[in-house]
Amino acid sequence: MVTRLAWWKSIFDTARDTVNVAKKLVEEGMVQPVAEKTATFTGQAALEEVRAYVAENEVITRALATRIKENESENAALKNRLMKMENRVRSLTILCLVLAIVVSGLTLVVVLHWILR
């Protein structure tokens, strides 16, 4: 079981390691350092940044949800149209088969009439 002291120590160790890695990346030139501002970045400013980010994500999420609903309704309409077209194709196939049988039968009748005449 982790004691409270060990837990806080692991948090501080993780934070220290993160800062050290960030410093090393800046020193090696892999990332650009953030320009320091004249004002301090207070907790209130951080909270406002987070709120702005959350608000922006909510707008994006709503837009995506709206697009998904529109696409679902469009898909439902297209599915209905596809089913109607499939029914029409099936009906036309049956009609063509019946027509072919009728033409074959009439051809047979004409040939027999001509032979037996």
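With the working numbering, the residue at position 60 of the sequence shown is 60, and numbering never jumps. The beta carbon of each residue, even a glycine, is placed where N, CA and C say it ideally should be. All values derive from a computational prediction rather than experimental measurement.
Would you mind reading off the limits of the alpha helix (DSSP H) that contains residue i?
i          : result
residue 14 : 4-27
Below 6 Å CB to CB, which residues in the same chain sit around residue i once its five sequence neighbours on both sides are set aside?
i          : result
residue 16 : none
residue 91 : none
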